[in-house]
Amino acid sequence: MKSFPRHFEFGPSKHVSDRVLADRTAGAMGKLFETGFPYSKKLSMHTSCVNSLTLSSDGRFLASGGDDPYVYLWDLHQDDLTRPACGFIGHKGNVFSMAFSATNKYLYTGDTDNDIHMYDMSRVDQLAREPGEALRSFSRHENSIRALSGHPENEHLLLSASEDGTIKQHDTRVGGPAAQGVLTQRADFTSVQYHPSIPHMFVTGTNTGFVCLRDIRSSFGHTPGRAPVVHTYVTALSKSSSRYLYMPEVGSTTFDKTGSKLAVTMLHHRPTIYSLMDPLPLATCSGLNAPDGTRITDTKKTYSNCCTIKHGSFGGPGLHTDEYYAAGSDDFRAYVWKIPDLRELTQRRESIAYERWQHLQESADQREPIVGFTSRNQDARCVPIDLSTPLFRLGGHKSIVNSTLIHPHHPMIFTSGVERHILLHSPLPASPCTSALERTPEGVRSVPRPNVGDTRLYVRALLSGRTDTEDGEDRETVALFDHILREEGDLDLFDVPSRIWDPDEEESEDEDEEGVGMEVDSDDDLYL
-18 MKSFPRHFEF
-8 GPSKHVSDRV
2 LADRTAGAMG
12 KLFETGFPYS
22 KKLSMHTSCV
32 NSLTLSSDGR
42 FLASGGDDPY
52 VYLWDLHQDD
62 LTRPACGFIG
72 HKGNVFSMAF
82 SATNKYLYTG
92 DTDNDIHMYD
102 MSRVDQLARE
112 PGEALRSFSR
122 HENSIRALSG
132 HPENEHLLLS
142 ASEDGTIKQH
152 DTRVGGPAAQ
162 GVLTQRADFT
172 SVQYHPSIPH
182 MFVTGTNTGF
192 VCLRDIRSSF
202 GHTPGRAPVV
212 HTYVTALSKS
222 SSRYLYMPEV
232 GSTTFDKTGS
242 KLAVTMLHHR
252 PTIYSLMDPL
262 PLATCSGLNA
272 PDGTRITDTK
282 KTYSNCCTIK
292 HGSFGGPGLH
302 TDEYYAAGSD
312 DFRAYVWKIP
322 DLRELTQRRE
332 SIAYERWQHL
342 QESADQREPI
352 VGFTSRNQDA
362 RCVPIDLSTP
372 LFRLGGHKSI
382 VNSTLIHPHH
392 PMIFTSGVER
402 HILLHSPLPA
412 SPCTSALERT
422 PEGVRSVPRP
432 NVGDTRLYVR
442 ALLSGRTDTE
452 DGEDRETVAL
462 FDHILREEGD
472 LDLFDVPSRI
482 WDPDEEESED
492 EDEEGVGMEV
502 DSDDDLYL
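Residue numbering for the sequence shown follows this note's numbering, beginning at -18 and increasing consecutively.
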C-alpha cells in the first residue's frame, strides 16, 4: 500500500531550511493533486441532508451541519476516523451555515429558524458520550441565516447574513438581544465573508445577484469620507444572441487563503473567479471537457448548478497560496479546477467593445453565442477565460453535491449534499486520519424517468416534511431531488425571465439600501 511522503509525518531536519522543506512539501502535494483523488470513505452519523461543512484553521476538526438538525465535530487527528468526536444540539431548523472563531475557540452555527448558536470547543473531550449545548444563542434575525463568518483575528466578532435583508455584526462579549451593527437592504443577503488578512474588509452577496466588497468602518459605523461599498463586482451577464442582461442569484462567496482571489457561485451559471481589487471577472469554471480533455457530448451530464445552494472552496498544496478551486454539481459529482496565476488570467481575458457586440448580436450565425459580463447595456463586454477542463472530478454520491471543502494542510477533500453521508476523498488508499479508503466507483447514477415507486417516495417526503428514517438509505430524499432535477435541472439562465436585469430602471445595490445603522454603540474592537 502506498503511503504519504515522510515529510508529512516528521518535522523539518536541522539541515534543511524551512523554505526548502516548504517547497518540497508543496511539490510532493502538487503531484498528488495532479493524479486526482480516486479513493474515498463515507463518514456517517447524520440522518438527513448534510448542508454545511467547515474546517478549523489548524485543520484538526471538520464540523458538519444538517437537516437533522445536529452539528457534529470530526477529529481528523484520529488514526482511524469512523465517527464524530462529539455532537452539538440546540438547533430547531436546518443548519445551513457554520464558522470557527479566529483561534478555533468557538464554533458558530446558523439555521433556517433564524438562530445562531455559539459552542465552546474547549469542551470537546467532555462531550464524547452526550451532545453539548450552546454556550450562547442569538435570535437577532427574522429569516433564515445563509452565512456566517468569524473575524480573522478577534475571537468574539462574527458577521451573519440573512434572507431578512440584513448583515449583522455580533460581539459575543456584549449582552442583550441587539446586534452590535446592522446593514440593511431590500434584497436577501445570501453570503458574507471577512477578508482573511484585511479584517476591516468583507464581501457580501445577494439573491438579486450583487457581490460587493465593503469596509466595516463605514458599513456599520459612521466614519466620514468612507463609502460603505469599496466596489461592486460585475456579475450581470450578456449573451450575443440576446438583447437582455441577466443577473444570476449569488449562492455563496469565498476567498482564498491570501484574499487575493474571490470565487462566486451563481445559480444557473458557472463558478466565477475575481481578483480582489478588480471588479471584472478573470475566469469561469465549467465542465465542457472531461479531465482528459475530451469534449462532453450533449447526451452526458456535466457541471451544473440549477437546483441547490452550492459552497465551494479554494485549497491546494502550496503553503502560502491556493492553486485549486472545488465545487459541487447537480450531476452528483464535485469538480476541481487548477486556477492559473492571476496575471495570466488578466492577460487572457477579452474585452469586446459595445459596437462590436452589437455587430455580433445582429449576426445571423449564432450557433455558439458568446457570453460576457457587463455593468450596463452600452458598456463593453468582459469575456473571462473559461477553465473548461477540470483537473479531476470526485464521485461516490447518489445525488446532488452541495458542499466541497479542501483540507488546508493535507491532501483530503470533503464533499456532502443531498445524502446523509460525508465523503472523505484522498489520492491514496490511506490518509492522515484513516487507512480504510476504497476506490471510488467511476460511474454516476442517472436520474430515472418518472415511475410509480419514485413518485410515492417523492409524495411521502413532501407530505411528511422530513425524509427517510435513521436506518434508511436516503431513498425519499433522492427521489425528491430527482423530481426537482427533472423539473429544473436543464434550466439555462438566459431562459429564466425573472433574472432579466435593467440597470437603467433598477437602482444599484448601494443605492437600493434602505439604510445602515447601529443598534447599539459601536466599539473600537469591532474594527480590529
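Just so you know, even glycine gets a beta-carbon here, dropped at the ideal spot from N, CA and C.
Assuming residue i is part of the alpha helix (DSSP H), what are its boundary residues?
i: histidine 250; result: Segment: none, histidine 250 is in no alpha helix (DSSP H) and carries neither H nor E.
i: isoleucine 197; result: 197 to 200
i: glutamate 114; result: Glutamate 114 -> no alpha helix (DSSP H), and no H or E assigned at all.
For residue i, is the beta carbon positioned less than 6 Å from some heavy atom of the ligand ADP?
i: asparagine 124; result: Absence of the ligand ADP is noted for the structure shown, with no ligands found whatsoever.
Tell me the residue span of the beta strand (DSSP E) that contains residue i.
i: threonine 458; result: That residue, threonine 458, is in no beta strand (DSSP E); its alpha helix (DSSP H) goes 456 to 469.
i: threonine 90; result: 87 to 92
i: arginine 127; result: 126 to 131
i: glutamate 331; result: 331 to 333
i: lysine 149; result: 147 to 152
i: serine 141; result: 138 to 143
i: threonine 171; result: 170 to 175
i: methionine 99; result: 97 to 101
By alpha-carbon positions, which one of the options ends up nearest to residue i?
i: alanine 264; options: Trp338, Asn188, His137 and Val352; result: Val352
i: serine 344; options: Ser241, Ser222 and Thr189; result: Ser222
i: methionine 102; options: Ala66, Asn135, Thr185 and Ser479; result: Ala66
i: leucine 466; options: Pro365, Asp312 and Arg357; result: Asp312
i: threonine 458; options: Glu304, His212, Lys379 and Thr90; result: Lys379
i: isoleucine 481; options: Pro50, Ala217 and Leu248; result: Ala217
i: glutamate 423; options: Thr415, Pro484, Ile333 and Ala271; result: Ala271
i: aspartate 48; options: Asn32, Leu62 and Asp39; result: Asn32
i: threonine 280; options: Gly377, Ile197, Asp471 and Pro392; result: Asp471
i: alanine 9; options: Glu486, Pro298, Ala334 and Arg348; result: Pro298
i: aspartate 145; options: Asn135, Glu111 and Val163; result: Val163
i: threonine 282; options: Leu24, Gly11, Pro133 and Val425; result: According to the sequence displayed, residue 282 carries lysine and not threonine. If we check each option's Cα against that of lysine 282, Val425 comes out closest.
i: methionine 182; options: Met99, Ala160, Pro209 and Gln166; result: Pro209
i: glycine 131; options: Ile333, Ser38, Gln166 and Ala109; result: Ser38
i: histidine 122; options: Glu134, Ala7, Pro133 and Gly91; result: Gly91
Roughly how many angstroms lie between the CA atoms of residue i and residue j, to the nearest whole one?
i: leucine 474; j: alanine 411; result: 41 Å
i: histidine 464; j: proline 350; result: 30 Å
i: isoleucine 126; j: serine 407; result: 32 Å
i: lysine 22; j: glycine 274; result: 28 Å
i: tryptophan 338; j: serine 78; result: 41 Å
i: glycine 398; j: histidine 340; result: 43 Å
i: aspartate 483; j: threonine 253; result: 21 Å
i: glycine 240; j: tyrosine 306; result: 14 Å
i: glutamate 469; j: cysteine 287; result: 7 Å
i: threonine 63; j: serine 416; result: 11 Å
i: threonine 234; j: arginine 329; result: 23 Å
i: asparagine 383; j: arginine 224; result: 32 Å
i: threonine 448; j: histidine 27; result: Low confidence applies to threonine 448: its pLDDT is 48, below 50, so where it sits in the model is not reliable, and the reading given next is rough at best. Taking the straight line from one Cα to the other gives about 12 Å.
i: phenylalanine 81; j: leucine 88; result: 5 Å
i: aspartate 237; j: leucine 57; result: 22 Å
i: tyrosine 53; j: histidine 402; result: 12 Å
i: asparagine 75; j: alanine 128; result: 13 Å
i: serine -6; j: serine 310; result: Note that serine -6 scores a pLDDT of 43, beneath 50, so its modelled location is shaky and nothing firm can be said.
i: valine 105; j: serine 141; result: 24 Å
i: arginine 5; j: histidine 391; result: 14 Å
i: leucine 194; j: valine 215; result: 11 Å
i: cysteine 266; j: threonine 370; result: 8 Å
i: leucine 36; j: alanine 83; result: 12 Å
i: aspartate 94; j: serine 143; result: 11 Å
Does residue i come within less than 7 Å of chain C when only Cβ atoms are used?
i: glutamate 123; result: You won't find chain C in this structure, because it holds only one protein chain.
Determine contact between the region 284 to 291 and the region 354 to 367, defined as no fewer than three beta-carbon pairs at a distance below 8 Å. no
Enumerate, from N- to C-terminal direction, the unbroken beta strand (DSSP E) stretches of 3 or more residues contained entirely within the region 227 to 299. 231 to 236, 242 to 247, 253 to 256, 262 to 266 and 294 to 296
Taking the runs of the alpha helix (DSSP H) that are 4 residues or longer, which of them lie wholly in the region 342 to 398? none
Given 8 Å as the limit, is there contact between the region 5 to 21 and the region 42 to 57, that is, 3 or more CB pairs closer than that? no
Go through the region 28 to 59 residue by residue and report every complete run of the beta strand (DSSP E) that reaches 3 residues or more, in order. 31 to 36, 42 to 47 and 52 to 56
Meets three-Cβ-pair contact criterion under 8 Å: the region 186 to 200 and the region 165 to 174: yes
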